[in-house]
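Working notes, beginning with the structure itself.
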Amino acid sequence: MMNKKRTISIKDPRLQRIRNSLRYIILEAATEEISRMMNERREIVKKLQNNSENKGLYEKKLELIDKIDKLRTAWDKSICVCPICGSRVNDMTFNPASKSWYCVKCYQEHHEFYVVKARQGEIWKNGGGRSSTEWFP
């Protein structure tokens, strides 16, 4: 895993189209898989309402919920989408503190916010935290 801030910037419009198309394909695959698992979970819930004694179905339901959460978390932390604005077409910057990718604009805006708040003493008061703005290096 990366442990430094890194920005991936693509200038060539053709490469940008390819990148955006790949992100769209990944989104469609993730959405389809989540939808499939949600439908399967719904069917299990219906069966459990009729027969609450089936422990295997209950465990299968919990397993599906866990898989859905993991897939959503992977999507949110991926380079495919900015978790703040939802952009899927911008260049992205990796934030090692949160292990997530943000579009360059959101990363910069939040970096400036945390730097200003830290300088004003509103973040990490009373020596109870970090002395720098580690979240956005």
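Numbering (this note's numbering), first residue to last: 5 to 141. Beta carbons: idealized from backbone N, C-alpha and C, even for Gly.
What's the C-alpha gap between residue i and residue j?
i           : j          : result
residue 143 : residue 97 : In the structure as shown, the chain starts at 5 and stops at 141, and residue 143 therefore has no counterpart that could be examined.
residue 27  : residue 57 : 43 Å
residue 87  : residue 76 : 11 Å
residue 32  : residue 79 : 11 Å
According to DSSP, is residue i part of a helix, a strand, or is it coil?
i           : result
residue 104 : strand
residue 23  : helix
residue 38  : helix
residue 4   : As shown, the chain starts at 5 and ends at 141. That puts residue 4 outside it, with no answer to give.
On the CB-based measure, 16 or more other CB atoms within 10 Å of its CB, does residue i come out buried or exposed?
i           : result
residue 106 : buried
residue 84  : buried
residue 89  : exposed
residue 23  : buried
residue 7   : exposed
For the stretch 25-40 against the stretch 60-67, are there 3 or more C-beta pairs whose distance is under 8 Å?
-> no
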